[in-house]
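Q: First to last, the sequence lines map onto chains C and D. For the record, in the first sequence the residue sitting at position 152 is 177 according to my numbering, with numbers rising by one throughout. For the record, in the second sequence the residue sitting at position 39 is 147 according to my numbering, with numbers rising by one throughout.
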Amino acid sequence: MKTINLIKIAWKALQRNKTRAFLTMLGIIIGVASVIAMMAIGEGSKQSIRNQISSMGSNMLSIMPGSDFRGGVRRDNSESQSLTLTDLKALQTKSTTISYISPQVNGGGQAIFGSNNWPTSIYGVGENYTAIRKLEIASGVMFTENDIKMAAKVAVIGQTIVENLFGDGTDPVGQTIRFDRIPFKIIGVLKEKGTNTFGQDQDDIILAPYTTVQKRILASEHLRSIVASAKSEEIADEAVEELSDILRVSHNLKADDEDDFHVRSQQELISTFSSTTAILTVLLVAIASISLVVGGIGIMNIMYVSVTERTREIGLRMAIGGRGVDILMQFLVEAILISVTGGLIGVLLGIGSTLGVSTYLRWPTSVTSESIIISFLVCAITGIFFGWYPARKAAGLDPIVALRYE
Amino acid sequence: MDKTIIKIEEIKREFLIGNETVRALKGISFSVTQGEFVTIMGTSGSGKSTLLNILGCLDQPTSGIYELDQVAVKNLSKNALAKLRNEKIGFIFQSYNLLPRTTAIENVELPLYYNKTVSSKERKERAENALNLVGLADRMDHTPSQLSGGQQQRVAIARAIVNDPVVILADEATGNLDTRTSYEIMALFQDLNNRGKTIAFVTHEPDIALFSNRTIVLRDGHIIKDNPVDNINIAAEALQKLPLEEEL
Ligand SMILES: Nc1ncnc2c1ncn2[C@@H]1O[C@H](COP(=O)(O)OP(=O)(O)O)[C@@H](O)[C@H]1O
Ligand SMILES: [Mg+2]
Numbered sequence: 026m027k028t029i030n031l032i033k034i035a036w037k038a039l040q041r042n043k044t045r046a047f048l049t050m051l052g053i054i055i056g057v058a059s060v061i062a063m064m065a066i067g068e069g070s071k072q073s074i075r076n077q078i079s080s081m082g083s084n085m086l087s088i089m090p091g092s093d094f095r096g097g098v099r100r101d102n103s104e105s106q107s108l109t110l111t112d113l114k115a116l117q118t119k120s121t122t123i124s125y126i127s128p129q130v131n132g133g134g135q136a137i138f139g140s141n142n143w144p145t146s147i148y149g150v151g152e153n154y155t156a157i158r159k160l161e162i163a164s165g166v167m168f169t170e171n172d173i174k175m176a177a178k179v180a181v182i183g184q185t186i187v188e189n190l191f192g193d194g195t196d197p198v199g200q201t202i203r204f205d206r207i208p209f210k211i212i213g214v215l216k217e218k219g220t221n222t223f224g225q226d227q228d229d230i231i232l233a234p235y236t237t238v239q240k241r242i243l244a245s246e247h248l249r250s251i252v253a254s255a256k257s258e259e260i261a262d263e264a265v266e267e268l269s270d271i272l273r274v275s276h277n278l279k280a281d282d283e284d285d286f287h288v289r290s291q292q293e294l295i296s297t298f299s300s301t302t303a304i305l306t307v308l309l310v311a312i313a314s315i316s317l318v319v320g321g322i323g324i325m326n327i328m329y330v331s332v333t334e335r336t337r338e339i340g341l342r343m344a345i346g347g348r349g350v351d352i353l354m355q356f357l358v359e360a361i362l363i364s365v366t367g368g369l370i371g372v373l374l375g376i377g378s379t380l381g382v383s384t385y386l387r388w389p390t391s392v393t394s395e396s397i398i399i400s401f402l403v404c405a406i407t408g409i410f411f412g413w414y415p416a417r418k419a420a421g422l423d424p425i426v427a428l429r430y431e
Numbered sequence: 109m110d111k112t113i114i115k116i117e118e119i120k121r122e123f124l125i126g127n128e129t130v131r132a133l134k135g136i137s138f139s140v141t142q143g144e145f146v147t148i149m150g151t152s153g154s155g156k157s158t159l160l161n162i163l164g165c166l167d168q169p170t171s172g173i174y175e176l177d178q179v180a181v182k183n184l185s186k187n188a189l190a191k192l193r194n195e196k197i198g199f200i201f202q203s204y205n206l207l208p209r210t211t212a213i214e215n216v217e218l219p220l221y222y223n224k225t226v227s228s229k230e231r232k233e234r235a236e237n238a239l240n241l242v243g244l245a246d247r248m249d250h251t252p253s254q255l256s257g258g259q260q261q262r263v264a265i266a267r268a269i270v271n272d273p274v275v276i277l278a279d280e281a282t283g284n285l286d287t288r289t290s291y292e293i294m295a296l297f298q299d300l301n302n303r304g305k306t307i308a309f310v311t312h313e314p315d316i317a318l319f320s321n322r323t324i325v326l327r328d329g330h331i332i333k334d335n336p337v338d339n340i341n342i343a344a345e346a347l348q349k350l351p352l353e354e355e356l
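#1: Just to make sure I have the definition right: I need the residues of chain C whose C-beta is within less than 8 Å of the C-beta of D/ALA235. Which are they?
#2: Should D/LYS224 be counted as a contact of ligand 1 given a C-beta to heavy atom distance under 6 Å?
#3: Determine the burial state of C/ARG337: buried for a count of at least 16 other Cβ atoms within 10 Å of its Cβ, exposed for fewer.
#4: Hey, quick one: how far does the beta strand (DSSP E) through D/ALA132 stretch, first residue to last?
#5: If you measure from the CB of D/SER152, is any heavy atom of ligand 1 nearer than 6 Å?
#6: Within a Cβ cutoff of 7 Å, which residues of the same chain sit near C/SER391, ignoring the five residues on either side of it in sequence?
#7: Can you tell me whether DSSP reads D/LYS120 as helix, strand or coil?
#8: Answer with yes or no whether the minimum CB distance from D/ASN240 to chain C is below 7 Å.
#9: Return the bridge partner residues of C/LEU243 from the DSSP annotation.
#10: Quick check on the DSSP output: the alpha helix (DSSP H) that includes C/MET63 runs from which residue to which?
#11: Counting only runs that start and end within the segment 268-335 of chain D, where is the alpha helix (DSSP H) found for 4 or more residues in a row?
#12: For C/SER83 versus C/GLN355, is the C-beta spacing smaller than 7 Å?
#13: Give me the chain C residues within the contact set of D/ASN187, using Cβ-Cβ distance strictly less than 8 Å, ordered along the chain.
#14: So, C/VAL330 versus C/GLY52, is the Cβ gap smaller than 7 Å?
#15: Name the chain D residues whose beta carbon is nearer than 7 Å to that of C/GLU359?
#16: From the DSSP output, in three-state form, read off C/ASP229 for me.
#17: With DSSP collapsed to three states, give me the class of C/VAL252.
#18: Terminal residues of the continuous beta strand (DSSP E) containing D/GLU175?
#19: At least one CB of chain D closer than 7 Å to the CB of C/GLU395: is that the case?
#20: When you compare each of C/GLY367, C/ARG335, C/THR366 and C/GLY368 to C/ILE352 by their alpha carbons, which one comes out closest?
#21: If we cut at 7 Å on Cβ distances, does D/ARG262 have a partner in chain C?
#22: Scan the segment 313-346 of chain C for residues whose Cβ lies nearer than 8 Å to a Cβ of chain E and list them as they occur along the chain.
#23: Using the three-state DSSP reduction, which class does C/LEU428 fall into: helix, strand or coil?
#24: Beta carbon of D/SER203: closer than 6 Å to some heavy atom of ligand 2?
#25: Going along the chain, which residues of the segment 150-163 of chain D sit with their C-beta nearer than 7 Å to a C-beta in chain C?
#26: What three-state label does DSSP hand C/GLY340 in the structure shown?
#27: Here's a check: name, in chain order, each residue in its chain whose Cβ is nearer than 8 Å to the Cβ of C/ARG95, leaving out the five neighbours to either side.
#28: Within this structure, are the beta carbons of C/ALA244 and C/PHE209 separated by less than 7 Å?
#29: Output yes or no for whether 7 Å exceeds the beta carbon distance between C/SER127 and C/VAL252.
#30: Give me the subset of the segment 199-214 of chain D whose CB atoms are less than 9 Å from a CB atom of chain C, sorted by chain position.
#31: For ligand 2, is there any heavy atom lying closer than 6 Å to the beta carbon of C/SER509?
#32: Spatial neighbours of C/GLY321 within its chain, please: CB distance less than 6 Å, with the 5 preceding and 5 following residues excluded, ordered by chain position.
#33: Take the Cβ of D/GLN348 as the centre, count every other Cβ of all protein chains shown within 10 Å, and call the residue buried at 16 or more, exposed below.
#34: Interface residues of chain D around C/MET26 at Cβ under 7 Å?
#35: Within the same chain, show all residues whose beta-carbon is closer than 8 Å to that of D/ARG193, passing over the 5 residues directly before and after it, in chain order.
#36: Give me the residue from C/PRO415, C/ILE304 and C/SER314 with the minimum Cα distance to C/LEU357.
If you want it as structure tokens, here you go:
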């Protein structure tokens with residue numbers, strides 16, 4: 026029989042039993058809708074994390090003292106003092122993959138202006154820090170190489186500091202604030218950056234030359250970290266390798282010594298966080314898939330009922346020339362039609378509920394075409410898989426017995 | 109000379125039920141030439157349906173030769189048998205076997221769906237013609253539940269002739285119908301026979317057999333009689349003679 030006729034016949038058969046067909050589809054509809062919605066929510070949060078991390082500079086590399094730490098627990102304390110200005114020099118002179126590099130030291134304390142004070146952190150950094158972290162100057166200027174050489178007591182502050190110290194509307198540029206009793210002249214203000222994925226206020230920040238912070242506040246030669254930016258996002262991984270090699274030489278590490286530092290790219294950070302959401306997504310999708318399987322079993326059940334109900338029809342079709350394969354295809358197409366129609370409704374419902382979630386709950390979502398294609402394929406396969414046995418039972422009937430069936 | 113449509117020789121059919129062998133047909137031979145209207149008679153259990161199923165290529169004999177339209181049926185594959193049924197045979201059943209909730213025309217079209225050489229346009233036309241022939245031109249879009257038993261059987265007859273078969277096989281086609289309607293159906297069969305259709309008609313009612321031109325009588329799997337009908341009844345005339353009370 027021609028395929029188009031098969032589909033027509035199957036469609037008519039379903040229309041004769043609309044309610045039953047719909048109830049049979051329900052499992053598939055719910056399954057597909059939840060797969061689509063779950064994947065959309067998973068993908069949405071993955072993308073929002075990626076976007077936020079990228080906004081911190083997608084080709085940023087950070088070098089931390091101490092070996093790779095897992096679960097946030099840093100090991101040996103001595104290791105955390107392994108980064109020095111010598112390392113910075115080595116990286117500056119030898120690396121070919123990075124465009125900017127800046128050391129970072131930081132300390133906490135009270136920032137005071139007039140009668141206002143605000144507990145915050147001061148970041149001692151290089152002049153390229155803003156370029157690496159994609160920070161922009163709203164007014165004033167960033168300090169220069171010269172300021173660093175001179176260990177000048179100048180600072181660039183974030184919007185949270187402005188709000189808390191200069192709430193009365195005074196222009197901060199040109200004013201002098203105190204941090205840990207050291208006066209810093211404000212030469213620039215950063216543009217607002219907002220809260221990052223980890224809930225950190227990125228505007229609660231004071232930038233000052235690292236030399237100044239090291240000498241005046243920390244009285245320590247060690248660097249908290251070094252940040253750099255790879256020449257491009259594509260070579261970020263290459264840069265990680267290169268920087269590690271340079272540091273191993275600089276630290277006189279032997280071939281079988283473990284790194285006493287750790288270089289990470291943003292990509293790595295993204296994948297760390299993505300993998301967390303990925304696990305969650307897999308779980309959600311697994312649950313949704315179970316309902317697809319349950320839906321499939323529903324189809325199988327109803328197809329068996331249908332084959333039994335239509336035993337005489339099957340006998341008749343065989344008597345007038347239907348081959349086994351024609352009967353098989355008839356029931357298989359019917360099962361596929363149920364599952365694919367259910368899938369279609371499920372996709373629409375999934376997209377609809379995703380829209381609902383993003384509108385009312387304000388969750389980041391993203392319906393991917395892959396999730397639609399995958400659910401659709403899974404539906405068709407479900408139809409074939411669960412329709413196969415009932416269809417084969419139908420095709421295997423003896424026409425004489427089938428015609429006599431009461 | 110007229111073409112031989114059915115030729116069977118020493119046909120035997122045995123069923124194995126557990127350890128017991130039921131011998132339904134015990135060696136049957138006859139031929140049917142084109143244009144014959146044969147009734148196969150016999151009491152219940154004499155093997156009529158078993159024989160008809162073999163003639164209709166739905167069942168294979170345990171032994172013996174069967175040639176349909178000069179084609180040896182033995183050793184054909186299942187698919188080849190299906191093709192044979194589709195192209196050369198028209199089946200009519202006691203219980204009509206129409207698809208429920210399906211219009212008359214769609215029921216009649218059904219066999220042509222299994223013939224890839226028939227276009228959808230031709231399929232429609234041929235189904236319409238067949239329904240015209242059985243006198244149901246005005247009932248094409250009615251479903252079986254909207255039709256009387258006689259009308260349903262007419263639809264079934266239209267379905268059996270739509271593929272222009274070499275032989276029409278009917279198993280107790282009037283078994284579910286009252287006398288008047290039976291005669292009407294027999295008039296239709298006689299009409300088809302006059303148009304050249306070969307018919308093998310299973311019945312256990314002697315008066316029905318009188319409308320055919322040859323009677324084969326089975327008993328216990330043997331042919332006990334195979335005679336031409338001397339005085340063929342004309343169904344259209346028999347209808348007129350029926351007492352009017354039957355209509356009430
Ligand atoms: N599928 C079968 N299995 C076992 N025995 C059968 C089967 N079909 C028919 N028979 C037996 O064969 C004999 C003839 O049956 P059938 O051809 O149906 O008779 P009729 O149609 O003349 O009433 C009966 O004894 C019946 O029980
Ligand atoms: Mg019988």
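The beta-carbon is built from N, C-alpha and C at its ideal position, and this holds for glycine as well.
A: Taking the geometry as given:
#1: As a first step, residue 235 of chain D must be located in the second sequence, where it is residue number 127. Neighbours of D/ALA235 on chain C: none; closest Cβ ~13 Å, over 8 Å.
#2: As a first step, residue 224 of chain D is located in the second sequence; it is residue number 116 there, counting from the start. No.
#3: Reading the first sequence from its first residue, position 312 is the one you call residue 337 of chain C. The residue in question, C/ARG337, is buried, as its Cβ has 16 or more Cβ neighbours within 10 Å.
#4: By 1-based counting over the second sequence, the position of residue 132 of chain D is 24. In the DSSP assignment, D/ALA132 falls within the beta strand (DSSP E) that extends over 128-141.
#5: Along the second sequence, read from residue 1 onward, the residue named residue 152 of chain D stands at position 44. D/SER152 Cβ: within cutoff of ligand 1.
#6: As a position in the first sequence, residue 391 of chain C is number 366, starting the count at 1. Here the set comprises ALA65, GLU68, GLY69 and GLN72.
#7: Reading the second sequence from its first residue, position 12 is the one you call residue 120 of chain D. Here D/LYS120 sits in strand by DSSP.
#8: Position 132 of the second sequence holds residue 240 of chain D. Look at D/ASN240: its C-beta is not under 7 Å from any C-beta on chain C.
#9: On the first sequence, residue 243 of chain C is found 218 positions in, with the first residue counted as 1. Its beta-bridge partners do not exist; DSSP assigns none.
#10: As a working mapping, residue 63 of chain C is identified with position 38 in the first sequence. Taken as a continuous stretch (DSSP letters only), the alpha helix (DSSP H) holding C/MET63 covers 43-80.
#11: Listed in chain order, they are 287-302 and 314-317.
#12: Numbered from 1 along the first sequence, position 58 holds the residue referred to as residue 83 of chain C. Numbered from 1 along the first sequence, position 330 holds the residue referred to as residue 355 of chain C. The Cβ atoms of C/SER83 and C/GLN355 lie no closer than 7 Å to each other.
#13: In the second sequence, residue 187 of chain D corresponds to position 79, counting from 1. Simply ARG348, GLY349 and VAL350.
#14: On the first sequence, position 305 is the one that residue 330 of chain C refers to. On the first sequence, position 27 is the one that residue 52 of chain C refers to. The answer is no: Cβ separation not under 7 Å.
#15: Counting from 1 along the first sequence, the entry for residue 359 of chain C is found at position 334. By Cβ distance, chain D contributes nothing, its closest Cβ being about 14 Å from C/GLU359, past 7 Å.
#16: As a working note, residue 229 of chain C is residue 204 in the first sequence. C/ASP229: coil per DSSP, three-state reduction.
#17: As a first step, residue 252 of chain C must be located in the first sequence, where it is residue number 227. Note: C/VAL252 maps to strand in three-state DSSP.
#18: Within the second sequence, numbered from 1, the residue matching residue 175 of chain D stands at position 67. Counting along the chain, the beta strand (DSSP E) containing D/GLU175 begins and ends at 171-176.
#19: Here residue 395 of chain C corresponds to residue number 370 of the first sequence, with the count starting at 1. Chain D contact via Cβ: absent.
#20: For the purposes of this step, residue 352 of chain C is taken as residue 327 along the first sequence, with counting starting at 1. With distances taken between Cα atoms, C/ILE352 lies closest to C/ARG335.
#21: As a working mapping, residue 262 of chain D is identified with position 154 in the second sequence. No, no contact with chain C.
#22: Among the chains of the structure shown, chain E does not appear; the protein chains present are C and D.
#23: As a first step, residue 428 of chain C is located in the first sequence; it is residue number 403 there, counting from the start. DSSP places C/LEU428 in helix when its eight states are reduced to three.
#24: As a position in the second sequence, residue 203 of chain D is number 95, starting the count at 1. Remark: the C-beta of D/SER203 is outside contact range of ligand 2, defined as less than 6 Å to any heavy atom.
#25: Result list: ASN161.
#26: Counted from its first residue, the first sequence places residue 340 of chain C at position 315. Residue state for C/GLY340 is assigned as helix, using DSSP reduced to three classes.
#27: For this step, residue 95 of chain C is matched to residue 70 along the first sequence. Any reading at C/ARG95 is ruled out, since the residue's pLDDT is 47, under 50, leaving its predicted position unreliable.
#28: Here residue 244 of chain C corresponds to residue number 219 of the first sequence, with the count starting at 1. Here residue 209 of chain C corresponds to residue number 184 of the first sequence, with the count starting at 1. The answer is no: Cβ separation not under 7 Å.
#29: What you label residue 127 of chain C is simply residue 102 of the first sequence in a count that begins at 1. What you label residue 252 of chain C is simply residue 227 of the first sequence in a count that begins at 1. Going by C-beta atoms, C/SER127 is nearer than 7 Å to C/VAL252.
#30: Listed in sequence order: PHE199, PHE201, SER203, ASN205, LEU206, LEU207, PRO208, ARG209, THR210 and GLU214.
#31: Residue 509 of chain C lies beyond the range of chain C shown here (26 to 431); nothing can be said about it.
#32: Locating residue 321 of chain C in the first sequence gives position 296, where the first residue counts as 1. Around C/GLY321: THR407 and PHE411.
#33: The residue you call residue 348 of chain D lines up with position 240 of the second sequence. Classification for D/GLN348: exposed.
#34: As a first step, residue 26 of chain C is located in the first sequence; it is residue number 1 there, counting from the start. Under the 7 Å cutoff, chain D gives TYR221 and TYR222.
#35: As a working mapping, residue 193 of chain D is identified with position 85 in the second sequence. So the qualifying residues of the chain are GLY164, CYS165, LEU166 and PHE199.
#36: As a first step, residue 357 of chain C is located in the first sequence; it is residue number 332 there, counting from the start. The candidate whose alpha carbon is nearest that of C/LEU357 is C/PRO415.
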